[in-house]
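Undergrad:
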Amino acid sequence: MLKEIISNISGNDLLKAQISALEDEIISSSLIEGERLKRSSIHSSVKKRLDENFDWLADTHATRYSDNQVLLILEANLNKTPMNFERLHG
Numbered sequence: 001m002l003k004e005i006i007s008n009i010s011g012n013d014l015l016k017a018q019i020s021a022l023e024d025e026i027i028s029s030s031l032i033e034g035e036r037l038k039r040s041s042i043h044s045s046v047k048k049r050l051d052e053n054f055d056w057l058a059d060t061h062a063t064r065y066s067d068n069q070v071l072l073i074l075e076a077n078l079n080k081t082p083m084n085f086e087r088l089h090g
């Protein structure tokens, strides 16, 4: 049943859902740490990593900090190898 639902979702809708979920995770995590991030910066940084059609030249919202936050969350979620010094400071 889940496969049927997913097969009816367009690639663009799936990408939007992934971007939104990742944005929410980063914003929520930063609030727990006492930081308030601009959603527009996080949104641009997430799209930069996930959307192959992202217009890098027109982007005015992403910051180095938001880019690094996205990389950190993606690394934590996707890389299942044990954490080590090289991964943290590589």
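If you use full-length UniProt numbering, the sequence shown corresponds to residues 1 to 90, in order. Think of the CB as a built atom: it goes at the ideal place given N, C-alpha and C, for glycine as much as any other residue. All values derive from a computational prediction rather than experimental measurement.
Run through DSSP, which three-state label would glutamate 52 get?
TA: Reduced to three states, the DSSP call for glutamate 52 is coil.
Undergrad: For leucine 15 and methionine 83, what's the separation of their Cα atoms in angstroms?
TA: Distance between the alpha carbons of leucine 15 and methionine 83 is about 28 Å.
Undergrad: Using the Cβ count rule (16 or more neighbours within 10 Å means buried), how would you classify glutamate 75?
TA: Classification of glutamate 75: exposed, given that the 10 Å Cβ count is below 16.
Undergrad: Cα separation between threonine 81 and tryptophan 56?
TA: Taking the straight line joining both Cα atoms gives about 30 Å.
Undergrad: Just checking my contact of isoleucine 27 with isoleucine 42 at CB under 8 Å: how many whole Å lie between their CB atoms?
TA: That pair is a contact at about 6 Å.
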